[in-house]
Amino acid sequence: MMERGVTLEVGNDGVAIIAFYNPPVNALAIPAQLTPFLDGLQEIFAEAVRRDDVKAIVLTGKGGRFSAGFDINVFEKVHQTGDASVMPDVSISLVVHLSRVDLSY
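In UniProt numbering, the protein residues as written are 1 to 105.
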(Lines of atoms letter the chains of each structure in order from A; the text may use other names.)
(Lines give C-alpha, C1' and ligand atoms only; values in the text may rest on other atoms or scores of the structure.)
Protein backbone atom coordinates (compact mmCIF):
# COMPACT_ATOMS: atom_id res chain seq x y z
CA MET A 1 0.00 0.00 0.00
CA MET A 2 1.32 3.43 -0.95
CA GLU A 3 1.84 6.01 1.80
CA ARG A 4 0.32 9.47 1.70
CA GLY A 5 2.56 12.02 0.10
CA VAL A 6 3.79 13.86 -2.96
CA THR A 7 6.11 12.54 -5.69
CA LEU A 8 8.03 14.05 -8.60
CA GLU A 9 8.94 12.29 -11.84
CA VAL A 10 10.58 14.01 -14.82
CA GLY A 11 10.39 12.39 -18.24
CA ASN A 12 12.86 12.63 -21.11
CA ASP A 13 10.48 15.16 -22.69
CA GLY A 14 11.07 17.62 -19.83
CA VAL A 15 7.58 17.23 -18.36
CA ALA A 16 7.57 17.04 -14.56
CA ILE A 17 4.69 15.07 -13.07
CA ILE A 18 3.93 16.06 -9.48
CA ALA A 19 1.47 13.56 -8.02
CA PHE A 20 -0.14 13.55 -4.60
CA TYR A 21 -1.78 10.69 -2.77
CA ASN A 22 -4.11 10.94 0.21
CA PRO A 23 -6.49 7.96 0.00
CA PRO A 24 -9.22 7.24 -0.54
CA VAL A 25 -10.11 10.39 -2.54
CA ASN A 26 -7.01 12.63 -2.24
CA ALA A 27 -8.94 14.99 0.02
CA LEU A 28 -7.24 18.09 1.38
CA ALA A 29 -7.35 17.62 5.14
CA ILE A 30 -7.65 19.75 8.27
CA PRO A 31 -4.75 22.09 9.16
CA ALA A 32 -2.69 19.69 11.30
CA GLN A 33 -2.80 17.14 8.48
CA LEU A 34 -2.76 19.65 5.62
CA THR A 35 0.40 21.55 6.54
CA PRO A 36 2.87 18.67 5.95
CA PHE A 37 1.15 17.87 2.65
CA LEU A 38 1.29 21.49 1.46
CA ASP A 39 4.89 21.84 2.65
CA GLY A 40 5.82 18.72 0.69
CA LEU A 41 3.98 19.98 -2.37
CA GLN A 42 5.74 23.34 -2.10
CA GLU A 43 9.17 21.70 -1.76
CA ILE A 44 8.65 19.39 -4.73
CA PHE A 45 7.19 22.20 -6.84
CA ALA A 46 10.24 24.34 -6.00
CA GLU A 47 12.55 21.47 -6.95
CA ALA A 48 10.81 21.10 -10.32
CA VAL A 49 11.09 24.85 -10.96
CA ARG A 50 14.83 24.83 -10.18
CA ARG A 51 15.65 21.94 -12.50
CA ASP A 52 17.05 22.90 -15.90
CA ASP A 53 15.58 19.79 -17.52
CA VAL A 54 11.97 20.69 -16.58
CA LYS A 55 10.01 22.47 -19.32
CA ALA A 56 6.48 22.00 -17.95
CA ILE A 57 4.85 20.92 -14.69
CA VAL A 58 1.71 18.78 -14.39
CA LEU A 59 -0.07 18.43 -11.03
CA THR A 60 -2.15 15.27 -10.67
CA GLY A 61 -3.56 12.89 -8.10
CA LYS A 62 -2.79 9.18 -7.72
CA GLY A 63 -5.28 6.40 -7.22
CA GLY A 64 -7.43 7.21 -10.24
CA ARG A 65 -8.60 10.67 -9.17
CA PHE A 66 -7.30 14.22 -8.89
CA SER A 67 -8.79 15.41 -5.60
CA ALA A 68 -12.18 15.36 -3.96
CA GLY A 69 -11.29 18.77 -2.56
CA PHE A 70 -11.96 19.72 1.03
CA ASP A 71 -12.04 16.89 3.59
CA ILE A 72 -15.71 16.75 4.63
CA ASN A 73 -14.77 14.93 7.85
CA VAL A 74 -13.97 18.39 9.21
CA PHE A 75 -17.71 19.12 9.31
CA GLU A 76 -18.15 16.40 11.96
CA LYS A 77 -15.50 18.07 14.11
CA VAL A 78 -17.24 21.44 13.71
CA HIS A 79 -20.56 19.84 14.68
CA GLN A 80 -19.01 18.18 17.76
CA THR A 81 -17.06 21.19 19.01
CA GLY A 82 -18.93 24.16 17.56
CA ASP A 83 -15.55 25.53 16.46
CA ALA A 84 -15.75 26.58 12.80
CA SER A 85 -12.17 27.88 12.88
CA VAL A 86 -10.96 24.35 12.08
CA MET A 87 -12.33 24.83 8.56
CA PRO A 88 -9.40 26.24 6.61
CA ASP A 89 -9.69 27.88 3.23
CA VAL A 90 -7.83 25.09 1.48
CA SER A 91 -7.62 26.78 -1.90
CA ILE A 92 -6.05 29.90 -0.40
CA SER A 93 -3.61 27.79 1.64
CA LEU A 94 -2.52 25.93 -1.49
CA VAL A 95 -2.03 29.13 -3.51
CA VAL A 96 -0.11 30.77 -0.65
CA HIS A 97 2.18 27.75 -0.30
CA LEU A 98 2.89 27.58 -4.03
CA SER A 99 3.36 31.35 -4.29
CA ARG A 100 6.26 31.08 -1.84
CA VAL A 101 8.26 29.15 -4.43
CA ASP A 102 11.11 31.22 -5.85
CA LEU A 103 10.54 31.38 -9.61
CA SER A 104 13.62 33.50 -10.33
CA TYR A 105 15.71 30.58 -11.65
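Glycine included, every Cβ here is placed at the ideal spot set by N, Cα and C. This structure is a prediction, so every number in the text was calculated from the model and none was measured.
For I44, is the classification buried or exposed, using 16 other Cβ atoms within 10 angstroms of its Cβ as the cut-off for buried?
I44 sits buried, since 16 or more C-beta atoms from the chains shown fall within 10 Å of its C-beta.
If we ignore side chains and look at the alpha-carbon of each, how far apart do S104 and V49 end up?
About 9 Å.
Coil, strand or helix - F66 by DSSP
coil
Compute the beta-carbon to beta-carbon distance between G63 and P23, rounded to the nearest angstrom, for a pair I have assumed lies under 8 Å.
Under the criterion of beta carbons closer than 8 Å, G63 and P23 qualify as touching, at roughly 6 Å.
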